[in-house]
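Under our numbering, think of the first position of the sequence shown as 27, with each following residue one higher. No residue lacks a Cβ here, since even glycine has one placed at the ideal position from N, Cα and C. See below for the structure under consideration.
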Amino acid sequence: MDIKKIYMDSDALLEGHFKLSSGNHSQFYLQSAKVLENPKTAKFLADALAREIKKSGLQVDAVCAPALGGLIAGFALATALDVRSIFAERVDGKMSIRRGFEIKKGERVLMCEDVITTGGSAMEAAEAIKSLGGEIVGVAALANRGFCKRENSNVTTKSNCKLPQDIPFFALADFTFEMYTPDACPLCKEGSEAIKPGSREN
Ligand code: ZN
27 MDIKKIYMDS DALLEGHFKL SSGNHSQFYL QSAKVLENPK TAKFLADALA
77 REIKKSGLQV DAVCAPALGG LIAGFALATA LDVRSIFAER VDGKMSIRRG
127 FEIKKGERVL MCEDVITTGG SAMEAAEAIK SLGGEIVGVA ALANRGFCKR
177 ENSNVTTKSN CKLPQDIPFF ALADFTFEMY TPDACPLCKE GSEAIKPGSR
227 EN
């Protein structure tokens, strides 16, 4: 499957000068919401991801996505795996499980994001699940930004990857773009201003 083509065809692979949630700058940005606005595409991608997860033999009781970015991917993946779909959300800056969602002790939870960059949000949400007695058995995403090693890929884990190394990470493809700290950003040096994706025209 050519997931890069799917992102490009959906105008979801943006080129410009972007400020990422980590504070770093990048010339590219993946706007997964543009891919997932087509429910058939969302289902197609989630089905492919679910096939890889099932093939690995991983047992999953529930999928948990960090809101807002992971919601649609999480729901679609839970549908494909035929398991419960829940989400974590930020309350006063802290990822929390709300809305009456319950986690059984030892329940096997797969964290799901649209895109994993360093995995920071997914791991924050995972802490909330663990504090309620759940067990994190894996991480899944439609796309991998190339800082973490996913199953069946040669991309190696970089020092900024926050995913634990003892559970599998499933994704459909690696998108490896350069990322810069603001003071080392060549786009800033050229005089342009980094914009936050999702704001303004994005
Ligand atoms: Zn910059």
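Cβ-Cβ separation, residue j to residue i (assumed contact under 8 Å), whole Å
| i | j | result |
| --- | --- | --- |
| valine 109 | isoleucine 142 | Incorrect: roughly 20 Å between the Cβ atoms, too far for contact. |
| valine 181 | lysine 175 | 6 Å |
Straight-line Cα distance separating residue j from residue i
| i | j | result |
| --- | --- | --- |
| alanine 220 | glycine 132 | 43 Å |
| phenylalanine 127 | glutamate 216 | 48 Å |
| proline 92 | cysteine 138 | 7 Å |
| glutamine 57 | alanine 106 | 22 Å |
| glutamate 115 | leucine 62 | 20 Å |
| histidine 43 | alanine 210 | 13 Å |
| alanine 59 | leucine 40 | 12 Å |
| methionine 149 | asparagine 64 | 28 Å |
| isoleucine 129 | valine 89 | 11 Å |
| phenylalanine 54 | leucine 198 | 18 Å |
| glycine 159 | lysine 81 | 27 Å |
Beta-carbon proximity check, residue i vs residue j, cutoff 8 Å
| i | j | result |
| --- | --- | --- |
| leucine 168 | valine 86 | no |
| leucine 18 | proline 190 | The structure shown does not extend to residue 18, since the chain spans only 27 to 228, so no value can be given for it. |
| serine 156 | lysine 45 | Reading the sequence as shown, one finds lysine at residue 156 and not serine. No, the Cβ-Cβ distance between lysine 156 and lysine 45 is not below 8 Å. |
With 16 other Cβ atoms within 10 Å as the buried cut-off, status of residue i
| i | result |
| --- | --- |
| threonine 207 | exposed |
| methionine 121 | buried |
| aspartate 140 | buried |
| methionine 27 | exposed |
| leucine 75 | buried |
Own chain residues within Cβ distance below 7 Å of residue i, not counting five before or after
| i | result |
| --- | --- |
| threonine 144 | Ser48, Phe173, Asn186, Cys187, Lys188 |
| tyrosine 33 | Leu39, Leu56, Val61 |
Close-in-space but distant-in-sequence residues of the same chain around residue i (CB under 8 Å, 5 per side omitted)
| i | result |
| --- | --- |
| glutamate 227 | Unreliable placement is indicated for glutamate 227, whose pLDDT of 49 sits below 50; the coordinate value is still reported in the next sentence. So the list is empty, once near-sequence residues are dropped. |
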